[in-house]
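The numbering used here applies: residue 1 is where the sequence shown begins, and numbers increase by one.
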Amino acid sequence: MTEKLEIYKCLECGNIVQVLISGNGVLVCCGENMERLTPKYEENNELAEKHEPIFEENENGKFVTLRNHPMSEEHYIQFIEVIAKDKSKFCLKYLNPNEPAEFNINDCKSDLEALEHCNIHGLWRSKDD
């Protein structure tokens, strides 16, 4: 059974999908069950320092950013997503290599969790304090 807003990846072709409405079925791609991605969250770890989304506010508004993460063709953040903890709303931004790994979230409500997906190191999460 899937849960609302879970993220799955096909290990064969790399497709990534997100559940909008929960169901009893199994997600399948390329003839195989898709793998549910569990967001990583670690403290005091060099890998985590580059991958945990950070909530910041400045004179231009509220943002989710990633510090010190490469944004090259070979290694980059593919998307940043912000989800209300009650799962009533989410905001998503796709990123491309060579652009800043940040997302203006002024239109998103508070009490948020942020997710980001790195093309090499997978799904990471952070929480708004």
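Cβ atoms here follow ideal geometry from the backbone N, Cα and C, with glycine treated the same way. If you're wondering where the values come from, they're calculated on a predicted model, not measured in any experiment.
Examine the Cβ distances between the segment 77-85 and the segment 25-34 and report whether three or more of them are shorter than 8 angstroms.
no
Going by DSSP, name the residue or residues bridged to Gly31.
For the purposes of this step, residue 31 is taken as residue 31 along the sequence shown, with counting starting at 1. Partner(s): none; Gly31 has no beta bridge.
Among the residues of its own chain, which have a CB less than 7 angstroms from the CB of Val19, if the five just before and after it don't count?
Taking the sequence shown and counting its residues from 1, the one referred to as residue 19 is at position 19. Correct list, in chain order: Thr2, Glu3, Lys4, Leu5 and Glu6.
Starting from the C-beta of Gly23, find all residues in its chain whose C-beta is less than 8 angstroms away, skip the five residues before and the five after it, and write them out in chain order.
Along the sequence shown, one-based indexing puts residue 23 at 23. Only Met1 and Thr2 meet the Cβ criterion.
Cα separation between Val64 and Leu92?
Counting from 1 along the sequence shown, the entry for residue 64 is found at position 64. Counting from 1 along the sequence shown, the entry for residue 92 is found at position 92. Each residue's Cα considered, the two are about 11 angstroms apart.
Residue burial classification, Pro100 (beta-carbon count within 10 angstroms, cutoff 16)
Counting from 1 along the sequence shown, the entry for residue 100 is found at position 100. Pro100 comes out exposed.
Mark Lys9 as exposed unless 16 or more other C-beta atoms lie within 10 angstroms of its C-beta, in which case mark it buried.
In the sequence shown, residue 9 corresponds to position 9, counting from 1. Buried, because 16 or more other Cβ atoms sit within 10 Å of the Cβ of Lys9.
Would you tell me roughly how many angstroms separate the C-alpha atoms of Asn60 and Asn106, rounded to the nearest one?
Indexing the sequence shown from 1 puts residue 60 at position 60. Indexing the sequence shown from 1 puts residue 106 at position 106. Cα to Cα, Asn60 sits roughly 9 angstroms from Asn106.
7 angstroms Cβ cutoff met for His121 and His51:
As a working mapping, residue 121 is identified with position 121 in the sequence shown. As a working mapping, residue 51 is identified with position 51 in the sequence shown. In contact: His121 and His51 (Cβ atoms closer than 7 angstroms).
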